[in-house]
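Peer 1: Quick one: structure below, then a few questions.
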Amino acid sequence: MSLVKPPVKPFPNYKWRWAVLTPTESLNEPPVFLGVLRVFNKYQNYAPGSKEILDGLDIVQQETNSNVDLVRTKERNLIRNSGQYWKALGLLGEAHGKVIVSPFGQLLAEGKITQVEFATTVVKTLELPNRNIIDDTSEWDAVGLKIKPLELILDTLALIADTFGSYEAYITPFELLRIVIPLAGAKAPLENFAEAIIQHRQGKIDISKWPDCATSANDKRMAREFLIFLSNYGFCKRESTGTGNENERYQLASISKEEVVELHKLKVVQEELDKVVKQIRFTQIPANVERKRVTREVLERPYQNIFRRNILNAFSSTCIVTGATIENVLEAAHIKPVEYKGEDSHSNGLCLRSDIHQLFDSNNLRILSSGELILSETASTKNNYGTLPKLIEIPGFVSKEYLDWRLKYY
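Going by this note's numbering, the first residue of the sequence shown is number 1, and it counts up by one from there.
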């Protein structure tokens, strides 16, 4: 394996931009991100600084315990200052003086596609320069440069795993900034990305003289947002090394290297994202990612066995949706997820058959506080799930507030 040569910066201002130039990481957290989108969807065609939208955002801020000021002021509203978080991913349309949610955004806001279906579509289609948020792309166009950053990160991780083993199959924000982004600007072949990362770890190449494509602190934060997105939606797992953000390790989690290759080979034949998501759904990649993500999260919960025993006792070992009573197939589902400070209590649990638990945790099944069941488009056509009851009885000890929270923010 020959040493990877230093790349050449394509133009002076080359960098990877996620959304805004001064990032606010918390806006990318799914409960906040989805909660805000659902407020926008509810009040389409309203002015961004209208009382209805500001009041709705205030509720999101309180119910998600967000440390970001979502309300701000009528003049200095969220869309004006941070709307590019949603525009960048094709969720908001172009409008002057009013809120317009795109057809793709409406599918996500209304629960017609799952979080992972949304995220897989973004992974496959997000391209730099991002013309949703950048008007002048002349520097990129002049050198014929187009990059699919999220797909490139996953491709690199899959190739490292395949070539150098799973132990080495991670990437840090520092490696993204100093190796991946410079090589992407030079249109390097995929194998160079994996080889350069390993050669750097082995001390075989000196990247200190490679081009710096993130000269400011905000540039570094913008680049890290790409990794955070992959972590937020289960494609990668983030591990802290205790030595700062730049050394966090992001490794493949709920998507296999084989599925990464399959996603890369997929030819998208539509331009509209609301149509692309349906094409991606046929690959089964989102369904597999959702299934593995749910399983991984359940196994990682420290007190899951105790929680399961308590919930099965509370529900008399009966699935609240199907009525199944075989204990071997019954599981305890958290309504408000543990990662968002959901409790291990009766009020925050449901007894569900294992496959129904998968549907619930992947958001293919939503349970309203009224007891109404809503299936995603995918679930309604598979395995006779369309025959599930439309309405169930919610026991009095189950928190309707938690059910409402999940509907709004998950």
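Ideal Cβ placement from N, Cα and C applies to all residues, glycine included.
So Gly-203 is in the beta strand (DSSP E); what residue range does that whole segment cover?
Peer 2: Stepping through the sequence shown from its first residue, residue 203 is reached at position 203. Unbroken run through Gly-203: none, as it is neither H nor E.
Peer 1: Compute the distance between the beta-carbons of Ile-320 and Cys-351, then report whether it is under 7 Å.
Peer 2: Your numbering for residue 320 matches position 320 in the sequence shown. Your numbering for residue 351 matches position 351 in the sequence shown. Yes, they are a contact pair.
Peer 1: Please state if the CB of Glu-151 and the CB of Val-116 are separated by a distance shorter than 7 Å.
Peer 2: Taking the sequence shown and counting its residues from 1, the one referred to as residue 116 is at position 116. Taking the sequence shown and counting its residues from 1, the one referred to as residue 151 is at position 151. No, the pair does not count as a contact, with Cβ atoms beyond the cut-off.
Peer 1: Take the Cβ of Asn-328 as the centre, count every other Cβ of all protein chains shown within 10 Å, and call the residue buried at 16 or more, exposed below.
Peer 2: Locating residue 328 in the sequence shown gives position 328, counting from the first residue. Classification of Asn-328: exposed, given that the 10 Å Cβ count is below 16.
Peer 1: Is the beta carbon of Ile-205 sitting closer than 7 Å to the one on Phe-235?
Peer 2: Translated into positions along the sequence shown, residue 205 becomes position 205. Translated into positions along the sequence shown, residue 235 becomes position 235. Going by C-beta atoms, Ile-205 is not nearer than 7 Å to Phe-235.
Peer 1: How should His-334 be labelled, buried or exposed, when 16 other C-beta atoms within 10 angstroms of its C-beta is the threshold for buried?
Peer 2: For this step, residue 334 is matched to residue 334 along the sequence shown. It counts as buried.
Peer 1: Are the CB atoms of Val-4 and Asn-232 within a distance shorter than 7 Å?
Peer 2: Looking up residue 232 in the sequence shown gives position 232. Looking up residue 4 in the sequence shown gives position 4. The answer is no: Cβ separation not under 7 Å.
Peer 1: On the three-state DSSP scale, how would you describe Glu-400?
Peer 2: For this step, residue 400 is matched to residue 400 along the sequence shown. Looking at the sequence provided, one finds Lys at residue 400 rather than Glu. Helix.
Peer 1: Can at least three beta-carbon pairs, one atom from the region 135 to 149 and one from the region 246 to 255, be found at a separation below 8 Å?
Peer 2: The region 135 to 149, when compared against the region 246 to 255, does not touch it at the 8 Å Cβ threshold.
Peer 1: Determine whether the beta carbon atoms of Leu-365 and Leu-375 lie at a separation below 7 Å.
Peer 2: For the purposes of this step, residue 365 is identified with residue 365 of the sequence shown, where counting begins at 1. For the purposes of this step, residue 375 is identified with residue 375 of the sequence shown, where counting begins at 1. The answer is yes: Cβ separation under 7 Å.
Peer 1: According to the Cβ coordinates, are Leu-57 and Val-68 closer than 7 Å?
Peer 2: Within the sequence shown, the letter at position 57 stands for residue 57. Within the sequence shown, the letter at position 68 stands for residue 68. Not a contact, by the Cβ cut-off of 7 Å.
Peer 1: Secondary structure at Ala-332, three-state DSSP: helix, strand or coil?
Peer 2: Numbered from its first residue, the sequence shown carries residue 332 at position 332. Looking at Ala-332 - three-state DSSP - the assignment turns out to be strand.
Peer 1: Could you give the first and the last residue of the continuous alpha helix (DSSP H) run that contains Gly-56?
Peer 2: The residue labelled residue 56 in the question sits at position 56 within the sequence shown. From DSSP, the alpha helix (DSSP H) with Gly-56 extends over 51 to 63.
Peer 1: What residues match up with Tyr-170 in a beta bridge as DSSP calls it?
Peer 2: On the sequence shown, residue 170 is found 170 positions in, with the first residue counted as 1. Its beta-bridge partners are Gln-251.
Peer 1: Quick check on the DSSP output: the alpha helix (DSSP H) that includes Glu-225 runs from which residue to which?
Peer 2: Here the question's residue 225 lines up with position 225 in the sequence shown. Counting along the chain, the alpha helix (DSSP H) containing Glu-225 begins and ends at 217 to 232.
Peer 1: By DSSP, does Ile-306 sit in helix, in strand, or in coil?
Peer 2: Locating residue 306 in the sequence shown gives position 306, where the first residue counts as 1. Looking at Ile-306 - three-state DSSP - the assignment turns out to be helix.
Peer 1: Starting from Ile-374, follow the beta strand (DSSP E) in both directions and report where the run begins and ends.
Peer 2: Translated into the one-based positions of the sequence shown, residue 374 becomes position 374. Here the beta strand (DSSP E) through Ile-374 covers 373 to 375.
Peer 1: The alpha helix (DSSP H) that contains Lys-278, what's its start and end?
Peer 2: Here residue 278 refers to the residue found at position 278 when the sequence shown is read from its first residue. Note, Lys-278: alpha helix (DSSP H), 273 to 281.
Peer 1: So what's Ile-181 in DSSP terms, helix, strand or just coil?
Peer 2: Taking the first residue of the sequence shown as 1, we reach residue 181 at position 181. Three-state result, Ile-181: helix.
Peer 1: Under 7 Å, do Ser-347 and Asp-404 count as touching if we go by C-beta distance?
Peer 2: Numbered from its first residue, the sequence shown carries residue 347 at position 347. Numbered from its first residue, the sequence shown carries residue 404 at position 404. No.
Peer 1: Just how far apart, CA to CA, sit Ala-287 and Asn-363?
Peer 2: Within the sequence shown, numbered from 1, the residue matching residue 287 stands at position 287. Within the sequence shown, numbered from 1, the residue matching residue 363 stands at position 363. When rounded, the distance between both Cα atoms is 11 Å.
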